[in-house]
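In our numbering, the protein residues as written are 565 to 817. Quick reminder that beta carbons are idealized off the backbone N, C-alpha and C, glycines included. Below is one structure, written out as structure tokens; the observations come after it.
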């Protein structure tokens with residue numbers, strides 16, 4: 565498969581994951597809207613009672629935390645809306661001004677998401693701190709051998725990587741080094757879209773008990789991070805390979 569085809573396949577995959585997250589944020593469960601509509605809250609509470617994939621608290625816990633709902637959850641939906649446009653080569657070239665302005669908002673959304681993540685961590689609202697309090701601490705947290713990892717540290721490091729990739733991409737764009745800019749945007753997307761892959765992992769997993777729910781959610785996070793960070797590097801490799809071929813063609817011409 566050529567590097568061009570690799571990038572096209574990865575684009576389609578990322579666009580589908582972004583559509584999933586857009587639906588998740590804006591349509592259902594749309595947890596950012598808790599507290600704004602009693603009807604939505606009632607529907608979400610009813611849903612939590614008929615599903616056994618995650619504990620109800622995982623979907624309801626941000627009620628009363630509007631800074632997290634708006635700063636993290638809602639911003640993640642806007643971030644997901646920006647990604648397919650920003651990384652589409654044809655649209656980027658055709659609508660350069662729009663690409664630049666969307667990039668400004670994309671950067672703002674990314675920073676807001678991480679401020680929200682820091683608040684989640686500070687208020688102990690992560691799934692490990694808040695949603696499985698009845699599960700003994702001695703119970704295994706992984707069914708895949710990831711139990712040795714400090715999940716709090718992993719999440720924090722991923723947040724730092726998310727911001728780092730964004731910062732490097734922005735600095736490269738300011739220098740008009742657009743190849744480097746694209747490479748780091750690919751890494752940035754890989755460091756953020758893992759949340760969608762985690763949800764795909766959790767749905768078919770064994771969630772027959774709170775212990776298994778916690779394992780599937782924790783394993784889903786680690787597996788998703790590995791997959792999306794790796795695919796981000798595949799995209800960087802494909803871009804680098806394509807750039808080298810263009811240089812060779814230029815010299816041959």
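Could you say which of the options lies nearest to residue i if we only look at CA atoms?
i           : options               : result
residue 597 : 572, 630, 782 and 580 : 630
residue 697 : 612, 567, 574 and 778 : 778
residue 702 : 729, 768, 655 and 775 : 775
residue 687 : 713, 626 and 791      : 626
residue 727 : 704, 675 and 622      : 675
residue 723 : 638, 665 and 680      : 680
residue 586 : 737, 638, 799 and 691 : 638
residue 641 : 593, 695, 784 and 692 : 593
residue 628 : 700, 689, 737 and 575 : 689
residue 751 : 732, 767, 742 and 738 : 732
residue 605 : 704, 654, 591 and 651 : 591
residue 635 : 718, 705, 800 and 595 : 595
residue 764 : 614, 618, 654 and 796 : 618
residue 801 : 715, 746, 770 and 784 : 746
residue 644 : 584, 735 and 576      : 584
residue 612 : 705, 783, 672 and 624 : 624
residue 677 : 720, 577, 651 and 709 : 720
residue 729 : 770, 603 and 744      : 744
residue 633 : 665, 599, 607 and 655 : 599
residue 666 : 704, 652, 646 and 725 : 646
Below 8 Å on the Cβ atoms is my guess for residue i versus residue j; work out the distance and round it to an integer in Å.
i           : j           : result
residue 648 : residue 579 : 4 Å
residue 806 : residue 568 : 6 Å
residue 695 : residue 622 : 5 Å
residue 692 : residue 715 : 6 Å
residue 734 : residue 671 : 6 Å
residue 574 : residue 799 : 5 Å
Run the CB neighbour count on residue i, radius 10 Å, all protein chains shown included, and call it buried at 16 or more, exposed below.
i           : result
residue 772 : exposed
residue 668 : exposed
residue 803 : buried
residue 565 : exposed
residue 780 : buried
residue 749 : buried
residue 662 : exposed
residue 741 : exposed
residue 812 : Summary for residue 812: the model assigns pLDDT 44, below 50, so the residue's position carries little reliability; its value from the coordinates is reported in the next sentence. Under this definition residue 812 is an exposed residue.
Taking 8 Å as the CB-CB limit, is residue i close to chain C?
i           : result
residue 651 : No chain C is part of this structure, which consists of one protein chain only.
Residue ranges of each alpha helix (DSSP H) within the segment 629-688, 4 or longer = 639-650, 653-658 and 660-686
Touching or not, the segment 741-759 and the segment 779-790, by the rule of three or more beta carbon pairs under 8 Å?
-> yes
Complete runs of the alpha helix (DSSP H) confined to the segment 732-795 [at least 4 residues] | 742-756 and 758-766
Run through the segment 584-620 for me and flag every whole alpha helix (DSSP H) of 4 or more residues, listed as ranges in chain order.
-> 602-614
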